[in-house]
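K.L.:
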Amino acid sequence: MRQFEGALARSQPMRLQTCLKRYQGISRIGFANGGACLAPAIFHPLPAAGNWNINTARLDLPVAAEPVIAASRSSSATPGAVKTPAVKPTTTYWPCKDGQLVRVVQTSGANETHTLEITVERLQENQEARLLWGVYRSSPHAWQHPDSINIPGSQIDEASGAMMSPMTQTSSTTQSIKIEVPAGLSPVTFAFLISLTPDTTSQQKTPSSGKKLKRRFAVPLEGRHFSALLGAQPGVPTPLGPSTPPFSAAASKKGGSKKTKIGDTTAVNFAVRSRGGTSVALVLVQPPATKDENSEWTCVELALDPILNRTGDTWHITLPSLRNVEKLCYGWRVDGDVSWESGYRISPEVVLVDPEAPALVHLPQNCAPPPLPLPTVELSDGSRVLVASAVSCKFDKSSSEKEGRSAPLYRPLEKMRVLEIDVKKFAQGGKVKHPGTFVGVTERLDHIRAVGANTVILAPCHATAKGAGSHSHHAALSFIAPDPALSTDPTNPGAAHAEFREMVHALHAAGVEVIPSLDLTFTADGVDSHPTGVSLRGLDNAAYFRPNGVVNCGHPAFQSLIHRATRYWALQFGVDGFCFLNAENMAQDAEGLVMDAPSLPEALCQDPILSGLKLIAAPSHETSLLPRGGARGFPHWGIWQQRNSAFTRDVTALLAEVSHTALDGVAARLTGSSDMFGAGWSFGDEFSPLPGNLAAERRPSFSFNAAAMQNGPSVTHLASEAAGAAGAAVMASGGGPMPTATTIAKAMLLATLLAQGVPVINHEDVADLEMARFVGVVSRLRRKLAHLLLPPKFDSPRDLTWHGATATNEPEWVGAAAVSGGEGGEGGEYGPYHAPHGSSYLGFSVRHPDGSAVYVGFNPHPMTVTATLPAAPAGHTWLRAVDTSLEAPQDAAMENLEEVEGEGYLVSGKAAIVLVAAVIEHLK
């Protein structure tokens, strides 16, 4: 044995001493070969022979805690023994390097024992074989030999420290041994090697040379030793995360399968992907019930066998009899190549969060110290918590059976009006009983409806924590688990899951669609310069991240994770779509090369389960990371919607900046951005065919329009800065009325609401009642004027005319001129100013054959402009519906509209107006 275990055992104490320096409570346990190492007492290692009484042993818990592994007993059972339901024998074949074949037949019966029949075949004639064995749970390098495993003729092999037991010859080339292991020891791994003649006694010498005989072993083709799992099963590699195994040892009395409920014994399969891991352990923990420092944790660590529990890059294990699943937390310990050159960034000292876990829990740092180093993360509010994976909501059917999955609403894009919500910030106020939570969003449902929104795009609701870079407070901790910090009880594994489901159900009942966001940049794992390694980084940094720490959307492993995450949120919660923040990362391959047809966006938009849901790409302002410099937007296949950064750029330049933009760009944004969303089969000045996924036409409603950038200054902030600059410009021109921030903000929101496409308003811009009322009225006006302002296609016929300040002239489309001084003024030194031909004033009118018409005008100048109005349709007159410079409620109205007299209208500096045509007879 020493030749297989010795080298690793000699290096292990120093490695463990380094890795376990943060552990609470240390005790000494021995290696099988006589070495010693430090290990945490909570591991509950199997004691050495002669020191363990099976009648009092409780493998799975401290005395004061509840068991993680169920130990069902009959009235006649020995106290402490585990009663395992009878199952069919399982047979495992192990080919050996020298041609032998080892067969292990394992039976777990109702007699409270595991029976192992180990047979070695293809031996040399009359060759003698002896079994070198031990059992372990947390470390395959520390075999133990409980007294309860009693094999006649056994003795400790002094050379290796393993227990050596004779095997029985069943034929000239076959030997076998039968071993009974009490079920009360479960779960453990029975590990063994087979020593072959000439002799297994290391002290015997040959008479001729006096040298020790070289020991020969039957060893497996792969792996360090043979293994048999007791109280556990090899498991299956799919699906990743915790799941119900395809078959269970637990059966009803009639022999049929039996559905388990929370609190009953439950079979759970665990699977995780880790290419760089050479050894992986599943850690099961139950936090203390109270915050008392003297309260105890329940913990058990199960080392996975690299042969039985591994398929490719996936490690897996099934535990057939877990109890109290609603309280169960877990994580993964991964060891492997920790060198910097490997790229794996293995963190063997941390219990990693499972990226496929359906739920996470936050545990306060002031509770009893954990027995293992659970990762600590910093939340957006600056608090620090312990975090662990949980499985309860995966098996808790009570919520879904009671509520049912809320089906998506499938609202047409043309009818969407979006309110962007950050749950933590939005769910605040005097009427909110649960601030900063999913429940609090439901309590503010009246506000959502008041602003006219029928869709909410939620800032990331998947678990987040502080990471690295500018997106530090929304860095993903998990793309699948809802954020415990947004629940009413972060320590309850199922709270976030249930409350998010209930929020979606309530919003759907009110006719409001729910679209969560996923941020595809940095994660809570940090970067090389500031590493934390709480999840993906410790599992396989080389696959999940690029060298700069940004998630690697081009790698199949990360693509599969995002694909599973979107399916999970769609199937579990019934969300109406997804908004992908920093979506330009999805357009790059594993090496960072920008691609015309990246695989992840194509897989998502062609997925049959996600079909019909909204898929919104929200790239940052950096268009160089999109195909063809972003000229055709995000790769879309005619399916993806996109947050239109060009709309934000041009509208902000028109209304919130002193320097004026080219008006042809603004006109394109107000009419749906046909340059991006219309059909386009060539690229550049010369004909250069575009791939179909970029060239295909999308409707104007595929453009999601917002007046402010995501993660950038709000409309309120931009308007405040613009008001200061406009005021300075007015003073420099001799003085006069100064535009207010409210006027500018309303003008920007008006452009957003009346442009073709889906309007997107941030909740911070409608926080006060005046702005909320204004947006609500304009949203109603948008619906009323949809037949004029919102044609379904770019080529839909309509009578649209563009106007400058003089109705008979169009605006100056390219190189818009600034208005300067005094020419043609009326009303004295500070009177209104008649803009000359070529002004950057922008207006347009739309007429319908039924006589309805609308006129919309934007004055980007800091001073008042007299805009000459086009003639109203015959028999009609113009009524003022919106003037952003007026005080509420005159700023926007749907009823009792004031008639506009004369041929002109004084449009205040930085203001916008909307006039609607009304039949003169109706006004009398």
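Everything in the sequence shown is counted per the working numbering, starting at 102 for the first residue and increasing by one. Ideal Cβ positions, reconstructed from N, Cα and C, are used throughout, including at glycine.
1) Give the DSSP-derived three-state secondary structure of ASP984 in the structure shown.
2) Thinking just about the alpha-carbon of each residue, which of LEU409, HIS904, GLU323, SER700 is nearest to the one in PRO338?
3) Hey, out of THR290, GLN707, THR667, whose CA is closest to SER240's CA?
4) Taking the beta carbon of THR192 as the centre, do at least 16 other beta carbons fall within 10 Å, making it buried, or is it exposed?
5) So who's on the other strand from GLN276, going by DSSP bridges?
6) Buried or exposed: ALA1018, going by 16 or more other Cβ atoms within 10 Å of its Cβ?
7) What residues are listed by DSSP as bridge partners for LYS715?
8) DSSP three-state label for GLU544, please.
9) Can you tell me which of the three DSSP states TRP979 falls into?
10) Applying the 10 Å Cβ sphere with the 16-neighbour rule, what's the burial state of LEU672?
11) Could you have a look at GLY1010 and say whether DSSP puts it in helix, strand or coil?
12) Can you give the Cα-Cα distance for LEU886 and ARG948, rounded to whole angstroms?
13) Taking its Cβ as the centre, do 16 or more other Cβ atoms sit within 10 Å of ALA508, making it buried, or is it exposed?
14) Considering Cα atoms alone, identify which of PRO971, LEU420, VAL816 is closest to GLU758.
15) Among PRO963, THR965, LEU970, TYR942, which has the Cα closest to the Cα of VAL955?
16) Mapping DSSP to helix, strand and coil, what is ILE549?
17) In its own chain, which residues sit with a C-beta less than 6 Å from the C-beta of THR415, not counting the 5 before and 5 after it?
18) Starting from the C-beta of ALA848, find all residues in its chain whose C-beta is less than 7 Å away, skip the five residues before and the five after it, and write them out in chain order.
19) Judging by CA-CA distance, which residue of PRO267, PRO709, SER249, ASP708 is the nearest neighbour of SER255?
20) Measure the Cβ-Cβ separation of ALA196 and VAL206 and say whether it is below 7 Å.
21) Can you tell me where the alpha helix (DSSP H) holding ILE845 begins and where it ends?
22) Pick from VAL452, THR399, ASP258, LEU514: whose alpha carbon is nearest that of GLN857?
23) Indicate the three-state DSSP secondary structure (helix, strand or coil) for TYR511 in the structure shown.
24) With a floor of 3 residues, list each beta strand (DSSP E) that falls wholly inside the segment 848-908, ordered by position along the chain.
25) Based on the DSSP output, what are the partners of CYS197 in its beta bridges?
26) Can you tell which of ALA577, GLY413, LEU559 has the C-alpha that lies nearest to the C-alpha of LYS567?
27) Consult DSSP for TYR942 and reduce its assignment to one of helix, strand or coil.
28) Please tell me whether LEU385 and TYR431 are closer than 7 Å, where the distance is taken between their beta carbons.
29) Identify whether TYR445 lies in helix, strand or coil by the three-state DSSP scheme.
30) Compare the C-alpha of LEU987 against each of LEU819, SER946, GLY944, THR843 and name the closest.
31) Given this structure, state the Cα-to-Cα distance separating GLN689 from VAL695, to the nearest angstrom.
32) Taking the alpha-carbon positions, what's the ALA172 to ILE252 distance?
33) Name the DSSP beta bridge partners of TYR956, please?
34) Are there three or more Cβ pairs, one per stretch, closer than 8 Å when the segment 548-564 is compared with the segment 595-612?
35) Leaving out five residues before and five after ASP590 in sequence, what residues of the same chain have Cβ atoms less than 7 Å from its Cβ?
36) How many angstroms separate the CA atom of VAL381 from the CA atom of VAL859?
P.N.:
To lay it out plainly:
1) In this structure, ASP984 counts as strand in the three-state DSSP scheme.
2) Distances from the alpha-carbon of PRO338 to those of LEU409, HIS904, GLU323, SER700 put LEU409 closest.
3) THR290
4) exposed
5) VAL221, GLN270
6) buried
7) GLY678, per the DSSP bridge assignment.
8) helix
9) strand
10) exposed
11) coil
12) 11 Å
13) exposed
14) VAL816
15) LEU970
16) helix
17) PRO338, ALA372, ARG374
18) Once the five neighbours on either side are set aside, the close Cβ partners of ALA848 are LEU756, PHE959, THR985, LYS1011, ALA1012, ALA1013.
19) PRO267
20) It should be noted that the sequence gives Pro, not Ala, for residue 196. No, these two residues do not count as a Cβ contact at 7 Å.
21) 842-855
22) When only C-alpha atoms are compared, the closest one is LEU514.
23) coil
24) List check, beta strand (DSSP E) in window: 859-863, 900-904.
25) PRO321
26) Put simply, of ALA577, GLY413, LEU559 the residue whose alpha carbon is nearest the alpha carbon of LYS567 is ALA577.
27) coil
28) Yes. Within cutoff.
29) Residue state, collapsed to three classes: coil.
30) For the set LEU819, SER946, GLY944, THR843, the Cα lying nearest the Cα of LEU987 is the one of THR843.
31) 4 Å
32) The predicted model places ALA172 with a pLDDT of 35, which falls under 50 and marks its position as unreliable, so this point remains unresolved.
33) SER946, LEU1016
34) yes
35) ALA596
36) 48 Å
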